[in-house]
Ligand code: NAP
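Numbering (the working numbering), first residue to last: 5 to 301.
What follows is the structure, given as structure tokens:
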């Protein structure tokens, strides 16, 4: 089969429903794919399954790890595998220096090995194209959670969005579409100006204390401690906080619990609420990333 990835050998280690969609696309684009830990796959041309991850990476020009990557102890995210999949020393030794290793989010464990071994580590979740596309299922998931948890409709509610970045902007737009009264909080004057231009009141974090009491729901997208105990103490008792920022989020969860405020950290929403769409996003973005890493773009 021809295609933009013809002649490219890719290894996929672990993954979930998203990586299955990606696998289909890589095969459609002509790649030869060596897989370990992606469950029982139907036989098809171009795809070879291995039990032992080091066998799957041999000869591969590109390694694809699952979006959530590898945990601190070396466990690769592989919920479809028959047994746990580990990133062992033998596996690391089988990947030559310079090899592109694609992963959604790389934890310290993987970053350290990649630096030691001289791999080309690409954290795809941080790429603009991926982050903007992923903001859609993330925002939908956050809205779904708010609808499930709140005793009121989002329509007519006071919804605060902290951080008008890629996720914050999509979320604010969707909330406004539902009829929520959106307020944006952002540290940057240009982003606050953009919010104002769209029609959303916008505040700096330094002014949040003065207005936070009116929030029915607060969505945080800032990966820094912005929702402090002092600010939480000013919120209304029934407020709901949905923290979307990467672990540990931007909320003082201990203070929230002490104040009896409902605060939830909601990681990995695209893969949870829309695995197929999240897979289609990988399928849309990864082929060009692979070609770029291999110097073919
Ligand atoms: P982004 O585009 O970089 O937006 C982050 C926002 O936080 C920006 O407005 C940024 O302001 C602001 N910010 C960063 N550090 C700050 C600080 N110290 N004080 C005040 N504001 C600060 O990132 P994103 O793609 O929207 O992602 C936001 C977070 O959500 C990340 O942690 C990401 O990993 C996570 N995420 C979670 C999910 C999920 O399912 N829960 C899905 C996707 C992403 P500036 O523009 O001024 O830097």
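Ideal placement from N, C-alpha and C gives every residue a C-beta, glycine not left out.
From a predicted model like this one, the values you see are computed outputs, not experimental measurements.
The region 141-150 makes contact with the region 162-177: 3 or more CB pairs, one atom from each, lie closer than 8 Å.
The Cβ neighbour count for residue 152, taken over all protein chains shown within 10 Å, is under 16; the residue is labelled exposed.
Residue pairing from DSSP places residue 104 in a beta bridge opposite 124.
Sixteen is the threshold: since fewer than 16 other Cβ atoms of the shown chains lie within 10 Å of the Cβ of residue 228, the residue is exposed. Placement of the Cβ of residue 168 at a distance of less than 8 Å from at least one heavy atom of the ligand NAP is found.
Residue pairing of residue 13 in beta bridges, as defined by DSSP: 36.
Secondary structure note for residue 162: its beta strand (DSSP E) is the uninterrupted segment 162-166.
Where residue 208 is concerned, there is no enclosing beta strand (DSSP E), because DSSP gives it neither an H nor an E. At the C-beta level, residue 254 and residue 226 come within 9 Å of one another. As the crow flies, the alpha-carbon of residue 30 is around 33 Å from that of residue 149. No Cβ-Cβ contact shorter than 9 Å links residue 265 with residue 298. For the pair of segments examined, the region 9-16 was found not to touch the region 273-283: the number of CB pairs separated by less than 8 Å stays below three. Rounded to whole angstroms, residue 246 and residue 40 show a C-alpha spacing of 35 Å. Between residue 189 and residue 173 the beta-carbon gap is near 13 Å, outside 8 Å, which marks them as no contact. At a threshold of 8 Å, residue 257 does not count as near the ligand NAP, since its beta carbon sits no closer than that to any of the ligand's heavy atoms. Relative to the Cα of residue 288, the nearest Cα in the group 82, 14, 22 and 217 belongs to 22. Runs of the beta strand (DSSP E) lying entirely within the region 206-240 and spanning at least 3 residues, in chain order: 221-224. According to DSSP, residue pairing for residue 90 in a beta bridge involves 79. Annotated three-state conformation of residue 244 is strand, per DSSP.
Using a 10 angstroms sphere on the CB of residue 301, the tally of other CB atoms stays under 16, which defines it as exposed.
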